[in-house]
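**Student:**
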Amino acid sequence: MAKNSEILKLMYEAMLSRFGHQRWWPGDTPFEVAVGAVLTQNTSWSNVEKAIANLRALGALEYEGMRYLDRDALCAAIRPAGYFNQKANKLLHLLDWLGENGGGKIESLSEQGVQSLREGLLSINGIGPETADSIVLYALNKPTFVVDAYTHRIFARHEIISPESTYYEIKDFFEGNLPTDVDLFKDFHAQIVTVGKRFCRKREPACDDCPLKEFLSGPVKLQEERG
DNA sequence: TGCCAGGCCGGGT
DNA sequence: ACCCGGCATGGC
C-alpha cells in the first residue's frame, strides 16, 4: 500500500504524460481569470467563452470597462453563461470589493498572503471556496489547491477519498500530500478537469481509455456518488 | 427529450 | 449543522 503522496505523484505523472502541461487558466489577465472563475460556476466552459467574447467586444474585460456597463448590458453580455441575473450581481460585488481593496487593480493584492486573500474573496457574496481558490491560484499565483466537482468525483470513484468528503477535507488532502508549489497546483487541477471532462462525467464511467485507469482499485460504482 | 455542466446562496428543518 | 430548491443557457 503506497503512501497517498506517492499515489498522487504517480497519478499526476500519468495525466501529465498523457496530456502534456495544460497551461491553465484560460485567460490573459488576472481580471479576466477572476471573471471567468465566476462565470464558470456550475457551467460548461464553452458557454463561458461566449460570454467572455461578448465582454471583450465591449471592452469590459478590465475593471474600468466593466464598471462602465450598466446592469442590463452586463446581463446581456454574460447571458450565454447562464444564471445571468445572479452572476451579474456577483460580478458587481467583485468589482465593489476590488475597488475597495485594490483600487480596482487585482495585481495590487499580491502583497497579501493566501489566507488573507481567501478570507477577503469569501466575504464577497457570490464567491465561495472554489471560486476564491481559483482566483488566488490562477490570477494571483499563490499556492492554494482548487477542488471542484471533478476532483471530488474522480478521487471518490478511485476510493482515494470518501464520497462524503467536504471541500476542505479534500483540499487538505491534496495540500497535505503534495509539495507546496504554485505551478504544480495549477497543472494538477487543470489535468483533473481535462480527465474529468473526457472520462469522468456524471453518468458515464467511460474509463476504458482514461490515464488513471490503472489506479482504480475496482469497478467504478456510480451509485456511490452523491456524497 | 432530458440530463448535464469547472457553484453558491438563502430559507427551511 | 445539514438539506434542498433555485438559478439559466447551450451541447449532446
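In my numbering, the protein residues as written are 7 to 233.
In this text, a Cβ means the ideal position worked out from N, Cα and C, and glycines have one as well.
Please read all numbers here as calculations on a predicted model, not as lab measurements.
Excluding sequence positions up to five away, which residues of its chain have a Cβ less than 7 Å from the Cβ of Ile130?
**Tutor:** Counting only Cβ-Cβ distances below 7 Å, and skipping sequence neighbours, we find His99, Leu100, Trp103.
**Student:** Considering only the beta carbon of each residue, do Ala57 and Leu75 sit closer than 8 Å?
**Tutor:** Not closer than 8 Å, so no.
**Student:** Output the boundary residues of the alpha helix (DSSP H) element that contains Arg77.
**Tutor:** Note, Arg77: alpha helix (DSSP H), 77 to 84.
**Student:** Measure the Cβ-Cβ separation of Thr137 and Leu143 and say whether it is below 8 Å.
**Tutor:** Not closer than 8 Å, so no.
**Student:** Closer than 8 Å by C-beta to Ile198: which residues in its own chain qualify, once you throw out the five before and the five after it? Chain order, please.
**Tutor:** Taken in chain order, the residues that qualify are Met21, Asp154, Tyr156, Thr157, Ile160.
**Student:** State the DSSP-derived secondary structure class of Ala8, mapped to helix, strand or coil.
**Tutor:** Correct three-state label for Ala8: coil.
**Student:** Enumerated in chain order, which unbroken segments of the alpha helix (DSSP H) with a length of 4 residues or greater are wholly contained in the region 76 to 160?
**Tutor:** Within the region 76 to 160, the complete alpha helix (DSSP H) runs of at least 4 residues are 77 to 84, 90 to 108, 120 to 128, 135 to 140.
**Student:** Go ahead and pull the three-state DSSP assignment for Trp30.
**Tutor:** Here Trp30 sits in coil by DSSP.
**Student:** Touching or not, the region 167 to 187 and the region 111 to 131, by the rule of three or more beta carbon pairs under 8 Å?
**Tutor:** Flag = no, the region 167 to 187 and the region 111 to 131 do not touch.
**Student:** Nearest CA to the CA of Gly134: which residue from Gly119, Tyr174, Ser168?
**Tutor:** Considering only alpha carbons, the answer is Tyr174.
**Student:** Rounded to a whole number of angstroms, what is the C-alpha to C-alpha distance between Asn91 and Phe194?
**Tutor:** Rounded to the nearest angstrom, the two C-alpha atoms are 32 Å apart.
**Student:** So, for Arg232: in the same chain, excluding its five sequence neighbours on each side, which residues have a beta-carbon less than 8 Å away from its beta-carbon?
**Tutor:** Reliability of the predicted coordinates at Arg232 is poor, the pLDDT of 36 falling under 50, and the value obtained from them is presented with this limitation in mind. For Arg232, where only same-chain residues beyond five positions count, the Cβ hits under 8 Å are Pro169.
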